[in-house]
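Student: This structure is in structure tokens; I'll ask about it shortly.
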Amino acid sequence: MRGEPLDAETIVSATEEVLRRHGPEKTTVLDVARLLGVSHGSVYRHFPSKAALREAVIRRWLDRVQEDLAAAIQDSELPPPDRLRGLLTTMFAVKRAKAREDPELFATFRVLAAEHSTVSSAHVAFLFAQIRAIVVDGIAGGDFAAGEPEVIARAIFNATSRFHDPTHAAEWSSPEVEAESASVISLILDGIRAR
52 MRGEPLDAET
62 IVSATEEVLR
72 RHGPEKTTVL
82 DVARLLGVSH
92 GSVYRHFPSK
102 AALREAVIRR
112 WLDRVQEDLA
122 AAIQDSELPP
132 PDRLRGLLTT
142 MFAVKRAKAR
152 EDPELFATFR
162 VLAAEHSTVS
172 SAHVAFLFAQ
182 IRAIVVDGIA
192 GGDFAAGEPE
202 VIARAIFNAT
212 SRFHDPTHAA
222 EWSSPEVEAE
232 SASVISLILD
242 GIRAR
């Protein structure tokens, strides 16, 4: 049995390890408890369900993704078209890398996205807010045509979904996917630029 006190962060770390070992379909709370040397009831004291535990793992995983994305647009000296290109390119690259390098946690993310979980919805809201902020700057600075930022940002998000939505992950290994995403970004930027 475990000697030191059990906290939520320790449970999340153990769950992440178990998810990487067994994947989202086969991982159970009992597996996590065994790894920690505690009863499954001890895990349930911190997380009311397997779904809540899975969401905690993916929330932490997505926090790292969001840090990468925030870093991509941090340079406010860049004009909005370059920032938008950088954000979208980084979104695609980070998601493809996660799918390739961390397939079990990416599979868990894909399950949560399909279920429209609160964690998945919050991630989508974060991505949308990043796009919208750049659109607002672009309109204010005269780089982008006047319009409703919410509508424009939603259109950009939807037009690029093939390259960041986890339901399309199987397509990301195509050798043409980078060129295709670059073409879509160029088309979007041309479509919203001020004339």
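Residue numbers for the sequence shown follow our numbering, so the first one is 52 and each next one is one higher.
Beta carbons are placed, not taken as given, at the ideal position from N, Cα and C, and that holds for glycine.
Determine, using beta carbons only, whether Leu-120 and Thr-140 come nearer to each other than 8 angstroms.
Tutor: Translated into positions along the sequence shown, residue 120 becomes position 69. Translated into positions along the sequence shown, residue 140 becomes position 89. Thr-140 sits away from Leu-120, with the two beta carbons spaced by 8 angstroms or more.
Student: What residues are listed by DSSP as bridge partners for Arg-244?
Tutor: For this step, residue 244 is matched to residue 193 along the sequence shown. Phe-195, per the DSSP bridge assignment.
Student: Can you tell me whether Thr-169 is helix, strand or coil according to DSSP?
Tutor: Along the sequence shown, one-based indexing puts residue 169 at 118. Helix, per DSSP.
Student: With Thr-66 as the anchor, note down where its alpha helix (DSSP H) starts and where it stops.
Tutor: Counting from 1 along the sequence shown, the entry for residue 66 is found at position 15. Its alpha helix (DSSP H) spans residues 59-77.
Student: Going by C-alpha to C-alpha distance, which of Ser-225, Pro-99, Arg-151, Val-170 sits closest to Trp-112?
Tutor: Position 61 of the sequence shown, counted from the first residue, corresponds to residue 112. Measuring from the Cα of Trp-112, the nearest candidate turns out to be Val-170.
Student: With DSSP as the reference, label Ser-100 as helix, strand or coil.
Tutor: Taking the first residue of the sequence shown as position 1, residue 100 is located at position 49. DSSP places Ser-100 in coil when its eight states are reduced to three.
Student: Measuring only the C-alpha atoms, how far is Ala-206 from Arg-96?
Tutor: Working through the sequence shown from its first residue, we reach residue 206 at position 155. Working through the sequence shown from its first residue, we reach residue 96 at position 45. If you take the alpha carbons of Ala-206 and Arg-96, they lie about 43 angstroms apart.
Student: Note down, in chain order, each residue of its chain lying with its Cβ closer than 8 angstroms to the Cβ of Leu-156, except the 5 sequence neighbours on either side.
Tutor: Translated into positions along the sequence shown, residue 156 becomes position 105. So the qualifying residues of the chain are Glu-67, Leu-70, Arg-71, Val-108, Ile-109, Trp-112, Lys-149.
Student: Identify, in the order they occur along the chain, each residue of the same chain with its Cβ nearer than 6 angstroms to the Cβ of Phe-174, setting aside the five sequence neighbours on each side.
Tutor: Locating residue 174 in the sequence shown gives position 123, counting from the first residue. It should be pointed out that residue 174 corresponds to His in this sequence rather than to Phe. So the list reads Leu-113, once near-sequence residues are dropped.
Student: Below 8 angstroms between beta carbons: does that hold for Val-80 and Ala-65?
Tutor: Here the question's residue 80 lines up with position 29 in the sequence shown. Here the question's residue 65 lines up with position 14 in the sequence shown. Their beta carbons are not under 8 angstroms apart, which means Val-80 does not touch Ala-65 by this criterion.
Student: Alpha carbons only, please: which of Asp-216, Gly-92, Ala-196 is nearest the one belonging to Phe-179?
Tutor: One-based indexing of the sequence shown puts residue 179 at position 128. Phe-179 has its Cα closest to that of Asp-216, out of Asp-216, Gly-92, Ala-196.
Student: Secondary structure at Val-235, three-state DSSP: helix, strand or coil?
Tutor: In the sequence shown, the residue the question calls residue 235 occupies position 184. Reduced to three states, the DSSP call for Val-235 is helix.
Student: Assuming Thr-218 contacts Ala-164 under a Cβ cut-off of 8 angstroms, what Cβ separation, rounded to an integer in Å, is found between them?
Tutor: Position 167 of the sequence shown, counted from the first residue, corresponds to residue 218. Position 113 of the sequence shown, counted from the first residue, corresponds to residue 164. 7 angstroms between Cβ atoms; contact.
Student: State the DSSP-derived secondary structure class of Asp-82, mapped to helix, strand or coil.
Tutor: To locate residue 82, count along the sequence shown from 1; it is residue 31. Helix, per DSSP.
Student: Extract the residue ranges of the beta strand (DSSP E) inside the segment 138-187, only unbroken runs of 3 or more that lie entirely within it.
Tutor: none
Student: Is the separation between the beta-carbon of Arg-134 and that of Ile-124 shorter than 8 angstroms?
Tutor: Here residue 134 is taken as the residue at index 83 of the sequence shown, counted from 1. Here residue 124 is taken as the residue at index 73 of the sequence shown, counted from 1. Going by C-beta atoms, Arg-134 is nearer than 8 angstroms to Ile-124.
Student: Is it the case that the Cβ atoms of Glu-214 and Ile-182 are separated by a distance below 8 angstroms?
Tutor: Within the sequence shown, the letter at position 163 stands for residue 214. Within the sequence shown, the letter at position 131 stands for residue 182. Note that residue 214 is Phe in the sequence shown here, rather than Glu. Taking 8 angstroms as the Cβ cut-off, Phe-214 and Ile-182 do not qualify as a contacting pair.
Student: Name the residue from Arg-136, Ser-93, Pro-130, Thr-159 whose alpha carbon lies nearest to the alpha carbon of Glu-76.
Tutor: Numbered from its first residue, the sequence shown carries residue 76 at position 25. Comparing Cα positions, the closest option is Thr-159.
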